[in-house]
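Below is one structure, written out as structure tokens; the observations come after it.
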Ligand code: ADP
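Residue numbers (the working numbering): 8 to 519.
Listed below in structure tokens is the structure:
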């Protein structure tokens, strides 16, 4: 007999993935449906009806291919959206959303963000929300709506904050969000875990339409008749609210326990880890998100350019070559170069974490006549590894460094075994490359469903949930070489501010 299973739905930025996962974490079936994004100037919008239709279709496909009766449906999705819905829209009979959803990447409320920082105080905002304040936040967007779409704003029954909040409302009729999503909005008083009503009142914004905050492993409701008919799923199926995608991806990549790392070595990357306590200073671009357990934190730092540094170098060093062949050549040459023979500072487009300097730029230090393409390519990989280590150190204070545990690495750079080994050696811990990193969101959601069903007690992802492609322990010799160069890397970064400022002054478009 087949093992019991759950369904999970991840509403991402470009489409929705539905999946069926067995109690042991095995992926039994999955389906994907894309939806469009409307971008115009600073505006970035999606239609919640597209989310809904794509989700119902993807669920239908998965439920017909698995057959049988799932134990629950868990949700996750993009966070920090502004979604206004009408009262009583919590079924699939009529429409619910009032206008398009304004996505986190929409920057139309830049002026309002500045205005709020001046009126309320930037430091106070950072201290209360424990997250950077800019136009992606909900307070600036709500202020914009109250002035430019006042009818929609004033007539809305509920404000929702994530694509999964919207689907939960439509499937079960409950207007709710989860602690992880709430903590990204700037509307949460982080330390108390409750809505920052003082901020909303000070800005003259509504406080009567905020969603209820429910636990990410809580049953938010049960599938209503129409949703059941449209998906082929049983009426009354428990729906687990789940959490915003940063939370479920962290859980789904095995980083839900203290000190575990989750790294994305993409064009611009990020490094996240779970801390038991102690929100960090957000002025250096560090995000403090509430862990899906509602108690601990997921802290995240995102260097402005990560693997994108190697893209730049590839274009420069192998101009006429096919992309894949050029990466292969650079990896082969770099693997023959001596570790730590050059130093590279990976700030091609300024830096935002763990220090903020828009004028910062990249540099090679230590070039000699003997420096060839392989030495330079290796230095680029090592420089990115140092940058991620400095983010890790900012997120995980030096005193506990020795206890830092391993983690996973995903993103395009993880295709390079050399780069993974360099990163593991620079961080001093083992890194794993998961087999299907794109499934981390649905795995995390399925794990939350499993918690709701009493299948798991802790927050550690069972090993069977995370198939691994390759594991990279640190190379002891490289680790020693990197330890010797990391201090000088930090020193150079800290001392170059005046040079970057002077160079910026001469750049076209500079106003100084
Ligand atoms: P994005 O972050 O833009 O969504 P990816 O996660 O696919 O995209 O990451 C792209 C990055 O992966 C590129 O910047 C490139 O430097 C890096 N990359 C891709 N393939 C390789 C490779 N074989 N070796 C090293 N780096 C690679």
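Glycine included, every Cβ here is placed at the ideal spot set by N, Cα and C.
Could you tell me which uninterrupted beta strand (DSSP E) segments, each at least 3 residues in length, are contained entirely in the segment 219-285, listed from first to last along the chain? If we require 3 residues or more, the beta strand (DSSP E) runs fully inside the segment 219-285 come out as 226-229, 245-247, 268-271, 277-282.
For residue 69 versus residue 37, is the C-beta spacing smaller than 8 Å? The residue you call residue 69 lines up with position 62 of the chain shown. The residue you call residue 37 lines up with position 30 of the chain shown. Yes, the pair counts as a contact, with Cβ atoms nearer than the cut-off.
Is it a yes or a no for the segment 388-406 touching the segment 423-443, going by three-plus beta-carbon pairs under 8 Å? Short answer: they touch.
Could you tell me the distance, in whole angstroms, from the CA atom of residue 481 to the CA atom of residue 393? To locate residue 481, count along the chain shown from 1; it is residue 474. To locate residue 393, count along the chain shown from 1; it is residue 386. About 14 Å.
Spatial distance of residue 446 from residue 204 (CA atoms): Counted from its first residue, the chain shown places residue 446 at position 439. Counted from its first residue, the chain shown places residue 204 at position 197. One C-alpha to the other measures close to 36 Å.
Roughly how many angstroms lie between the CA atoms of residue 421 and residue 272, to the nearest whole one? Counted from its first residue, the chain shown places residue 421 at position 414. Counted from its first residue, the chain shown places residue 272 at position 265. Computed Cα separation, rounded: 6 Å.
Can you list, in chain order, the residues of its chain whose CB lies under 6 Å from that of residue 45, leaving out five sequence neighbours each side? Translated into the one-based positions of the chain shown, residue 45 becomes position 38. The beta carbon of residue 45 is closer than 6 Å to those of 52 in its chain, skipping five residues each way along the sequence.
For a test of your reading of the model: does the CB of residue 22 fall under 7 Å from any non-hydrogen atom of the ligand ADP? Yes or no. Taking the first residue of the chain shown as position 1, residue 22 is located at position 15. Outside the cutoff, so no.
Could you give the C-beta distance for residue 261 and residue 395, rounded to a whole number, given that I count them as a contact under 8 Å? What you label residue 261 is simply residue 254 of the chain shown in a count that begins at 1. What you label residue 395 is simply residue 388 of the chain shown in a count that begins at 1. At roughly 18 Å, the Cβ-Cβ gap does not stay under 8 Å, so residue 261 and residue 395 are not in contact.
Considering only residues of the segment 438-505, which uninterrupted alpha helix (DSSP H) runs meet the minimum length of 4 residues and lie entirely inside it, listed in chain order? List check, alpha helix (DSSP H) in window: 447-459, 483-502.
Measuring straight from C-alpha to C-alpha, what distance separates residue 284 and residue 137? Counting from one through the chain shown, the residue named residue 284 turns up at place 277. Counting from one through the chain shown, the residue named residue 137 turns up at place 130. So the two alpha carbons sit approximately 13 Å from each other.
Helix, strand or coil, according to DSSP, for residue 295 in the structure here? Reading the chain shown from its first residue, position 288 is the one you call residue 295. When DSSP states are grouped into helix, strand and coil, residue 295 belongs to the strand group.
Stretch-stretch touch, CB-based, cutoff 8 Å, three pairs: the segment 20-27 with the segment 66-80: At 8 Å Cβ cutoff, the stretches touch.
Should residue 208 go down as buried or exposed, given a rule of 16 or more other Cβ atoms within 10 Å for buried? Counted from its first residue, the chain shown places residue 208 at position 201. Within a 10 Å sphere around the beta-carbon of residue 208 sit fewer than 16 other beta-carbons, which makes this residue exposed.
Might you give, ordered along the chain, the residues of its own chain that have their beta carbon closer than 6 Å to the beta carbon of residue 221, omitting 5 neighbours on each side? Counted from its first residue, the chain shown places residue 221 at position 214. The residues are 183, 227, 248.
Which one or two residues does DSSP pair with residue 24 in a beta bridge? Along the chain shown, one-based indexing puts residue 24 at 17. As a beta-bridge residue in DSSP terms, residue 24 pairs with 17, 39.
In the DSSP assignment, what are the bridge partners of residue 201? Locating residue 201 in the chain shown gives position 194, where the first residue counts as 1. Here residue 201 is bridged, per DSSP, to 196.
Same chain, Cβ closer than 7 Å to residue 242, neighbours up to 5 away in sequence not counted: What you label residue 242 is simply residue 235 of the chain shown in a count that begins at 1. Taking C-beta separations shorter than 7 Å and ignoring five residues to either side along the sequence, the partners of residue 242 in its chain run 230, 232, 235, following chain order.
Residues bridged to residue 351 by DSSP? Taking the first residue of the chain shown as 1, we reach residue 351 at position 344. In DSSP, residue 351 forms a bridge with 371.
Any idea what DSSP makes of residue 190, helix, strand or coil? The residue given as residue 190 occupies position 183 in the chain shown. In the structure shown, residue 190 falls within a helical segment according to DSSP collapsed to helix, strand and coil.
If we ignore side chains and look at the alpha-carbon of each, how far apart do residue 130 and residue 254 end up? In the chain shown, counting from the first residue as 1, residue 130 sits at position 123. In the chain shown, counting from the first residue as 1, residue 254 sits at position 247. In this structure, the CA atom of residue 130 is about 26 Å from the CA atom of residue 254.
With a cut-off of 8 Å on the beta carbons, I'd call residue 178 and residue 216 a contact; round off their distance for me. To locate residue 178, count along the chain shown from 1; it is residue 171. To locate residue 216, count along the chain shown from 1; it is residue 209. By a beta-carbon distance limit of 8 Å, residue 178 does not contact residue 216. Their separation comes to about 20 Å.
If we require 4 or more residues per run, which alpha helix (DSSP H) segments fall completely within the segment 158-190? Runs of the alpha helix (DSSP H) inside the segment 158-190: 170-179.
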